[in-house]
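Q: Residue numbers (our numbering): 8 to 316.
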């Protein structure tokens, strides 16, 4: 088990290095000059001398390979650079905005787990019944609605018409209800399908048929069916957490939440490259880390895979 974890961690290092190369390359093949962008963002007159001086301050006068290794060296030290617009450390900008994104993602995750698990179990227990078809149809229909349209419908209904929740900004945790519902609806159907199919597959397996023949209680059978459905559910959940964080970009901008997604979009508009680079790298590392956690969970839960590894 420990050798598998070590092997997966070592394999993750080239992936992270590859992401850093892609981030660095995409920024540097951009036609916009970061020095000129910095001057314009800070309302400084753009002259040839000012551009050259700014390029020197930013270290852009050095060869690209030197710039890359300097950036990597700073990343290892925890230095993500300085924002072109605010002149503050990028790390501070991310840490300041991240809690809102984290709260939004956790609240959405709770809704996904609760409704995905409950509805998935109910659909499996009443397989192919009218109840199963209506419930799945309703879930899949809501999932097909684009996030921005669903967000606008929720804002109109619960913020303007009934005036229950705030429509924008962050005034407290009640400000996260509508954004969380909007974000969660997109993923609930996926987890309903995973739970339902896993339980049905287990229910139709040979060992379940044998257990029924032996007269095992139905409640005990259902318990084992649900337990077998947990592993694929957890794996999908681990893989969905980074997607949830990335999906907050649209939601935060619709609801004007001061989270990481809104910071990233603003950085794209003003071409604040250090923030854009750090955001992309942060999301990529999250995907790699949660993928690793999912693999470890599967190995730990399945003795056959553990023996194979």
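Where is the CB? At the ideal position from N, CA and C, for every residue including glycine.
Between the region 163-181 and the region 234-248, do at least 3 Cβ pairs fall closer than 8 Å?
A: no
Q: Kindly indicate the opening and closing residues of the alpha helix (DSSP H) around residue 250.
A: 225-261
Q: In angstroms with no decimal places, state the Cα-to-Cα distance between residue 127 and residue 214.
A: Looking at the two C-alpha atoms, the distance is approximately 22 Å.
Q: Heavy atom of the ligand NAD less than 8 Å from the Cβ of residue 290, yes or no?
A: In the structure on display, the ligand NAD does not appear, and there are no ligands present to speak of.
Q: According to DSSP, is residue 96 helix, strand or coil?
A: strand
Q: Exposed or buried, residue 153, counting other C-beta atoms within 10 Å across all chains shown (16 or more means buried)?
A: Burial call: exposed.
Q: Identify every run of the alpha helix (DSSP H) within the region 174-224, keeping only runs that are complete inside it and at least 4 residues long; order them along the chain.
A: Within the region 174-224, the runs of alpha helix (DSSP H) that reach at least 4 residues and sit entirely inside it are, in chain order, 184-210, 213-220.
Q: Within a Cβ cutoff of 8 Å, which residues of the same chain sit near residue 275, ignoring the five residues on either side of it in sequence?
A: 283
Q: Distance, Cα to Cα, residue 184 vs residue 196?
A: 19 Å
Q: What whole-angstrom Cβ distance do residue 111 and residue 266 have, given they're in contact under 8 Å?
A: With a Cβ gap of about 6 Å, residue 111 and residue 266 count as contacting.
Q: Hey, out of 78, 12, 233, whose CA is closest to residue 24's CA?
A: 78
Q: Would a C-beta distance cut-off of 9 Å place residue 252 and residue 293 closer than the cut-off?
A: yes
Q: Could you pull out every residue in the same chain whose Cβ sits closer than 7 Å to the Cβ of residue 218, ignoring the five residues on either side in sequence?
A: So the qualifying residues of the chain are 228.
Q: So which of 223, 88, 209, 216 has the shortest CA-CA distance to residue 232?
A: 209
Q: Can you list, in chain order, the residues of its chain whose CB lies under 6 Å from that of residue 248, leaving out five sequence neighbours each side?
A: 297
Q: Could you check what DSSP says for residue 102 in three-state terms: helix, strand or coil?
A: helix
Q: From this set, 201, 32, 190, which residue's C-alpha is nearest residue 116's C-alpha?
A: Closest in C-alpha terms to residue 116, from the list 201, 32, 190, comes 190.
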